[in-house]
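K.L.:
Just passing along the structure, written as structure tokens.
Numbering (full-length UniProt numbering), first residue to last: 1 to 208.
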């Protein structure tokens, strides 16, 4: 019998898979899967923090601007015996109140300018550079707000109670509306400082 030699055999060389490669392959796949599952929740949480940061900036800006406008328009005219002689109390009569208005107006302006950077942090929640810049300036502005509110609070307390040791008499009994308006402005500035403190805390969590 004759064999048919027209049929040719073809051999395919298969690379050998070592036992180490077999062990590493599923580990690599699992590590990639873990990286994907961890990155997505981290991105979502940082985006939520950035959104909360934006809302708090709006509240802080409103509180600081309201405090500056309230104190800047604070004045009271007190008639004295006749209509031709009057006593006028204005915020610019006290240097501390002038600093208060300037500081809160500057903080409100900064918060307005920082809103675009906050939007960038919402769109790019994993970016650290804009968040770090905001943390630095937020800390400075919080210090300015707290110092202005604290100094003005001491002046309001002195206006209400006076100081017997220095013979400073309280004048809020005569200028009641002036003192009440100043007290409201100080409270607004303290609220703005509190919002800035929460903003810094959120930024610290975002950077972490």
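For glycine and all other residues, C-beta sits at the position ideal for the given N, C-alpha and C.
(1) Would you tell me roughly how many angstroms separate the C-alpha atoms of residue 165 and residue 172, rounded to the nearest one?
(2) Can you look up residue 90 in the DSSP assignment and give me helix, strand or coil?
(3) The alpha helix (DSSP H) that contains residue 124, what's its start and end?
(4) Per DSSP, which residues does residue 163 bridge with? Please list them.
(5) Excluding the 5 residues flanking residue 110 on each side, which residues of the same chain have their C-beta closer than 8 Å to its C-beta?
(6) Specify, as a first and last residue, the run of the alpha helix (DSSP H) that residue 74 falls within.
(7) Count the CB pairs spanning the stretch 44-56 and the stretch 89-100 that are closer than 8 Å, and state whether there are at least three.
(8) Got a sec? Which residues, its chain only, sit under 8 Å from residue 97 by beta carbon, not counting five neighbours each side?
(9) Leaving out the 5 sequence neighbours to the left and right, which residues in its chain are closer than 7 Å to residue 200 when beta-carbon positions are compared?
(10) Start and end of the alpha helix (DSSP H) containing residue 180?
(11) Please report the Cβ distance between residue 159 and residue 103, rounded to the nearest whole angstrom; I am assuming they are in contact, meaning their Cβ atoms lie under 8 Å.
P.N.:
Answer, in terms of the structure:
(1) In the chain shown, the residue the question calls residue 165 occupies position 165. In the chain shown, the residue the question calls residue 172 occupies position 172. The straight-line gap from Cα to Cα measures roughly 18 Å.
(2) Counted from its first residue, the chain shown places residue 90 at position 90. Residue state, collapsed to three classes: strand.
(3) Counted from its first residue, the chain shown places residue 124 at position 124. Residue 124 -> no alpha helix (DSSP H), and no H or E assigned at all.
(4) By 1-based counting over the chain shown, the position of residue 163 is 163. For residue 163, which the question treats as bridged, DSSP gives the partners 168.
(5) In the chain shown, residue 110 corresponds to position 110, counting from 1. Here the set comprises 137, 141.
(6) Translated into the one-based positions of the chain shown, residue 74 becomes position 74. First-last for residue 74: undefined, no H or E at that position.
(7) no
(8) Stepping through the chain shown from its first residue, residue 97 is reached at position 97. Cβ neighbours of residue 97 beyond the five flanking positions: 71, 74, 91, 152, 155, 182.
(9) Sequence index remark: in the chain shown, residue 200 carries index 200 (1-based). So the qualifying residues of the chain are 135, 138, 139, 142.
(10) Against the chain shown, residue 180 aligns to sequence position 180. From DSSP, the alpha helix (DSSP H) with residue 180 extends over 176-207.
(11) As a first step, residue 159 is located in the chain shown; it is residue number 159 there, counting from the start. As a first step, residue 103 is located in the chain shown; it is residue number 103 there, counting from the start. That pair is no contact at about 19 Å.
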